[in-house]
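Going from the sequence shown to the numbering used here is simple: count from 1 and add 446. All C-beta atoms, glycine included, are put in the ideal place defined by N, C-alpha and C. In what follows, a structure is listed as structure tokens, so that the remarks can point back to it.
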Amino acid sequence: MFLLFFLSSLLNQKWTKPEMQRLVTSLTCCPTLSVLNLSGGQWHVETLKTLTEFLPKLDVTKKIIVNDSCSSVEGLVVLTATLSDCPAVMELHIRLQSPVQVSMLFSEGRQQPANEISKTLCLSHCGLLPDDLQKVWKSLGTSSDLTMLE
């Protein structure tokens, strides 16, 4: 019962950077998580950075959902960098237009065969300008695993 309450209380939280640090530190101690839903927070970019810094330490098998938690190009760039910074993230889907939708898929959450090593970035309704696209491209680094950009 406590676990169900704890998981449901993660939604719609306006996490600050220190609160996110405490949360992800606690989550690193959890056994494997299938899906982690942190939607509804409208977070600052620094909070998103804290989440992405801890991603390699989290044991998530399918996906992390952070709908309505990223509403800026700066946040999109932070999230996009996870494709190169976190080997376990295989797909990233971001939609900035209402309703804002963000999901990070891991190997078991994909519809592609598990033996296929490729990464996908899907950006829809983001209203990106040429300068924004440069930032996104730069955030990908030299990840040669990116095979699809939508």
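Reference residue i; option with closest CA among the options
i: V512; options: K503, P477, S480, I540; result: I540
i: E499; options: C476, A534, T478, S480; result: A534
i: V546; options: L569, C532, D591, D577; result: L569
i: S544; options: P477, S480, H571; result: H571
i: P471; options: M594, L501, S480; result: A small fix is needed here, since residue 471 is Thr in this sequence, not Pro. If we check each option's Cα against that of T471, L501 comes out closest.
i: S480; options: S585, D591, E554; result: E554
Exposed unless 16 or more other CB atoms sit within 10 angstroms - verdict on residue i
i: K460; result: exposed
i: S515; result: buried
i: W583; result: exposed
i: G487; result: buried
i: C532; result: buried
i: L595; result: exposed
Beta-carbon gap between residue i and residue j smaller than 7 Å
i: L484; j: L522; result: no
i: L542; j: L529; result: no
i: S564; j: T593; result: yes
Close beta carbons around residue i, own chain, < 7 Å, minus the five adjacent residues each side
i: K503; result: T474
i: T493; result: W461, T462, K463, M466
i: S517; result: Q488, L542, V546
Inter-residue CB distance, residue i and residue j (contact presumed, cutoff 8 Å)
i: T526; j: L567; result: 6 Å
i: L469; j: I510; result: So it is not a contact: roughly 12 Å between Cβ atoms.
Spatial neighbours of residue i in its chain, beta-carbon cut-off 6 Å, leaving aside the 5 residues before and after
i: D578; result: V519
i: F448; result: With a pLDDT of only 40 at F448, under the threshold of 50, the placement of this residue in the model should not be trusted, and no figure is reported.
Sequence-distant residues of its chain with Cβ nearer than 8 Å to residue i (five each side left out)
i: P576; result: none
i: T507; result: T478, L479, S480, F552, S553, E554, G555
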